[in-house]
Every structure is written in structure tokens, then in C-alpha cells.
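Written out below as C-alpha cells is the structure these notes cover.
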Amino acid sequence: MSPLITLEAVLHWEQRRRDAMLAGDSVALEALLSDAIVYVHSTGARDTRDSYLRKICDGALRYLRLEWSDLQVQVLPSAALVTGRMQATVLKDGQEKHVSSVFLTVWVPEPFDAGSAWRLRAHQGTPLP
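Residue numbers (this note's numbering): 5 to 133.
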């Protein structure tokens with residue numbers, strides 16, 4: 005059985021993730037991401053945990069501004085789903101880009117037992133016109 009979580013806990017993890025992304029803190033992100041994460045950016049580019057962390061660590065991807073709004077959380081027995089809107093300014097391979105998207109994140113307990121920690125298992129971004 006998975007541990008019980010609250011809406012506040014999920015929002016706290018999302019805030020920690022946002023803070024780590026803005027700080028370029030790959031160590032903090034590593035603690036939040038599942039080993040098996042599927043991270044799909046709003047451009048359609050797909051990263052594994054290692055490739056995403058490498059981009060953050062190497063500075064190939066830097067978040068200069070990151071604003072989330074309209075967050076909605078669904079807490080289920082074995083997962084938590086978060087949807088929202090994102091406005092961001094990123095530095096990707098030396099080029100500044102503005103991103104406007106909606107996203108879905110999926111948090112799950114790992115390992116799946118009472119002593120588990122919840123980790124980000126999936127992220128999907130979709131660009132807004």
C-alpha cells in the first residue's frame with residue numbers, strides 16, 4: 005500500500021522542483037525525479053532523468069523565469085496528478101526562448117510501499133498558441 009499524501013505535500017514538491025529548476029540545482033532535482041521519468045518538453049523533445057539532469061548541470065538548459073498558474077491537483081491512491089499553465093524564459097544552448105505551455109506532471113511513490121518517497125515519474129508539456 006502506498007503512503008497517504010496530501011494536496012499540500014504535492015504542491016510543496018512542485019514548489020521544490022520549480023525552485024531547483026530556477027537555481028539550476030541538479031542535486032535537488034535528482035532527489036525529486038524518478039529514475040524512470042519520462043520528461044517531454046513543450047517542444048516535443050524527450051529527456052530521460054540522466055539527460056535532463058545533464059542539461060541542467062552543464063548549463064545547456066537554464067530557467068531564467070518560471071511562473072506556474074492554474075495549478076490543479078488530483079490525489080489518487082497510488083499517484084498524484086498536477087496540471088497547470090507555465091510561462092517561462094529559458095536559455096537553451098545559449099539562446100533565450102520564451103515558453104507558454106500547459107503541463108501535466110505525475111508523482112508516484114518509489115518503491116511502491118509504505119516506506120517510499122514520492123517522485124516525479126512523468127512530465128508532459130504542450131505549447132500554447
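Note that CB positions come from ideal geometry on N, CA and C, so glycine has one too.
Exercise for the section: Following the continuous beta strand (DSSP E) through His127, name the residue where it begins and the one where it ends. Expected result: Taken as a continuous stretch (DSSP letters only), the beta strand (DSSP E) holding His127 covers Ala121 to Pro131.
Problem - Stretch pair the stretch 66 to 80 + the stretch 46 to 53: three plus CB contacts closer than 8 angstroms - result: Pairwise C-beta distances place the stretch 66 to 80 out of contact with the stretch 46 to 53, as fewer than three of them are shorter than 8 angstroms.
Handout entry: Alpha-carbon to alpha-carbon, Ser82 and Tyr67
Key = One C-alpha to the other measures close to 30 angstroms.
Problem - Neighbourhood of Phe43 by C-beta, 6 angstroms cutoff - its chain only, sequence neighbours within 5 removed - result: One detail in the question is off: residue 43 reads as Tyr in this sequence, not Phe. Correct list, in chain order: Asp51, Tyr56 and His127.
Handout entry: Classification of Met5 by the beta-carbon crowding that lies within 10 angstroms, buried from 16 upward
Key = Low confidence applies here, because Met5 scores a pLDDT of 46, under 50, leaving its location unreliable and the question unanswered by this model.
Exercise for the section: For the beta strand (DSSP E) containing His102, list its first residue and its last residue. Expected result: Counting along the chain, the beta strand (DSSP E) containing His102 begins and ends at Gln99 to Glu114.
Problem - CB-CB length for Val86 against Val14, believed under 8 angstroms - result: About 6 angstroms separates the two Cβ atoms, so the contact holds.
Handout entry: Of the residues Glu34, Arg89, Ala24 and Cys61, the one placed nearest Asp74, counting alpha carbons only
Key = Closest in alpha carbon position to Asp74, among Glu34, Arg89, Ala24 and Cys61, is Arg89.
Practice task
May I have the straight-line CA-CA distance separating Trp122 from Leu11, to the nearest angstrom?
Solution key: When rounded, the distance between both Cα atoms is 13 angstroms.
Practice task
Give the DSSP-derived three-state secondary structure of Met5 in the structure shown.
Solution key: Residue placement at Met5 is flagged as unreliable, the pLDDT there being 46, under the threshold of 50; a coordinate-derived value is accordingly withheld.
Practice task
Evaluate Ala84 with the Cβ neighbour count: other Cβ atoms within 10 Å of its Cβ, from every protein chain shown; 16 or more gives buried, anything less gives exposed.
Solution key: It counts as buried.
Practice task
Using 10 angstroms around the beta-carbon of Gly63, count the other beta-carbons present and answer buried if the total reaches 16, otherwise exposed.
Solution key: With fewer than 16 other Cβ atoms within 10 Å, it is exposed.
Handout entry: Minimum C-alpha distance to Trp72 - residue among Asp97, Glu18 and Leu124
Key = From the listed residues Asp97, Glu18 and Leu124, the smallest Cα separation to Trp72 is found for Glu18.
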